[in-house]
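Reading through the structure tokens given below for one structure.
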DNA sequence: ACATTAAGTGATT
DNA sequence: AATCACTTAATGT
């Protein structure tokens, strides 16, 4: 079991630079950290938010899901990030419209949602952080929209692979063609074909359950 | 050895 | 670019 001191130290290291001293102290008082295993769902659409989640360590995938359970990747969030969608949910007490999945073992910090509004008035760093988060997520979403509208699927796939590699800091991508197809809302056959082509171009190597990029 | 799941491929729309 | 139908290859039991 991790001691409180160790936990605080970790939070300080990972996201401490974001907030002022007093706020950090409040975070220590009311926040709880939680480890989540790879591939676990952190948040389902329709769920009510009781906590504002922050990523302290690891990476999380945020996606949209329709009634049939088909997904579409909106963006990734990593250390120091929170999800703009959840912020809104916390204030308005509405339900989540997105799905969040850990793509590696991650650690999240949970803050009871009632502090959200109080801190907005009390701490400048918090206000800035929230505004920045919104801005950043919105930009990322626009990039994603651009890619759907203006890029061909092979270009999107390439971007997807590189983003994934950068995020996890490894040229090895442990995903099946099926999983990739789901994120890009395409079909497995199509992805397999495009990957095969990329392999012929020497951009990647294909193995079972794994793709190795030659470079980023 | 057999079943299951991932990946490859030709043909069709 | 998607879907079907089928094959081949890798992996678990």
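Residue numbers (this note's numbering): 1369 to 1584. C-beta: ideal position from N, C-alpha, C; glycine also. Since the model is a prediction, treat every value here as computed from it, not as a measurement.
Scanning its chain for C-beta atoms nearer than 7 Å, with the 5 sequence neighbours on each side dropped, one finds around residue 1426 the residues 1470, 1472, 1473, 1474 and 1475, in chain order.
In the structure shown, the three-state DSSP call for residue 1482 is coil. Within the stretch 1552–1583, the runs of beta strand (DSSP E) at least 3 residues long that lie entirely inside it are, in chain order, 1572–1575 and 1578–1581. In the structure shown, the three-state DSSP call for residue 1425 is strand.
Note on residue 1555: under 16 other CB atoms within 10 angstroms of its CB, so exposed under the neighbour-count rule.
Taking a contact as a CB-CB distance under 8 Å, the pair residue 1411 and residue 1429 does not count as one, their CB atoms being some 11 Å apart. Unbroken alpha helix (DSSP H) runs of no fewer than 4 residues, entirely contained in the stretch 1458–1537, are found at 1483–1490, 1492–1518 and 1521–1536, following chain order. Under the three-state reduction of DSSP, residue 1454 is assigned to helix. Counting only the Cα atoms, residue 1395 lies some 29 Å from residue 1432.
In the DSSP annotation of this structure, the continuous segment of the alpha helix (DSSP H) that includes residue 1396 starts and ends at 1389–1398. Cβ-Cβ distances below 8 Å link residue 1483 to 1394, 1398 and 1420 in the same chain, with the five nearest sequence neighbours on each side left out; the list follows chain order. With fewer than 16 neighbouring CB atoms inside 10 Å of its own CB, residue 1460 falls in the exposed class. A Cβ-Cβ distance of about 35 Å is found for the pair residue 1538 and residue 1463, leaving them out of contact under the 8 Å criterion. For residue 1577, the closest C-alpha among the options 1563, 1508, 1487 and 1514 is that of 1563. Within 10 angstroms of the beta-carbon of residue 1477 lie 16 or more other beta-carbons, which makes it buried. With contacts defined as CB atoms closer than 8 Å, residue 1379 and residue 1424 qualify as a contacting pair.
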